[in-house]
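These notes are about the structure you will find just below.
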Amino acid sequence: HPGQAQAPAASQKTGKGTGLIQQIDREKGAVTIKHGPLEGLNMPGMTMLFLVKDKAMLSSLQPLQKVDFELTYDGSKYSITKIK
Numbered sequence: 598h599p600g601q602a603q604a605p606a607a608s609q610k611t612g613k614g615t616g617l618i619q620q621i622d623r624e625k626g627a628v629t630i631k632h633g634p635l636e637g638l639n640m641p642g643m644t645m646l647f648l649v650k651d652k653a654m655l656s657s658l659q660p661l662q663k664v665d666f667e668l669t670y671d672g673s674k675y676s677i678t679k680i681k
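In the numbering used here, the protein residues as written are 598 to 681.
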């Protein structure tokens, strides 16, 4: 069964949303976003700190910029995989 090796990853959820950047922590690789409801993750709109998969993703971002982002949730933490 080809999907068997992937069993742990199956619990990972992906979602997407849009929001406004509040704060960027380039050292930590984190961004605080005031976002609307997140599609696919059953999360209402709120302001929250997210880690990014790659710190380089933050280099072109500015506070108060409106962004579209995609993220994964592995059961304990959220990680932004795409942001623009």
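Beta carbons: idealized from backbone N, C-alpha and C, even for Gly.
What does the alpha-carbon distance come out to for the pair residue i and residue j?
i, j, result
"K663", "G614", "11 Å"
"F666", "S608", "20 Å"
"M640", "K679", "18 Å"
"H632", "E624", "22 Å"
"D651", "S676", "9 Å"
"L658", "V628", "9 Å"
Taking 8 Å as the cut-off, decide whether the C-beta atoms of residue i and residue j are in contact.
i, j, result
"G637", "G612", "yes"
"I621", "L661", "no"
Reducing DSSP to helix, strand and coil, say where residue i ends up.
i, result
"L668", "strand"
"Q601", "The pLDDT assigned to Q601 is 47, lower than 50, so where the model puts this residue is not dependable; a value taken from the coordinates is nonetheless given after this. It is helical."
"L655", "helix"
"S673", "coil"
"L638", "coil"
Tell me which residue opens and which closes the beta strand (DSSP E) that residue i is part of.
i, result
"G614", "K610 to D622"
"M643", "M643 to V649"
Quick one: is residue i near chain D, going by C-beta distance under 8 Å?
i, result
"A627", "No chain D is part of this structure, which consists of one protein chain only."
Could you pull the DSSP bridge partners for residue i from this structure?
i, result
"K625", "DSSP, once it has assigned bridges, lists no residue as partnering K625."
"K663", "L617"
"K679", "E667"
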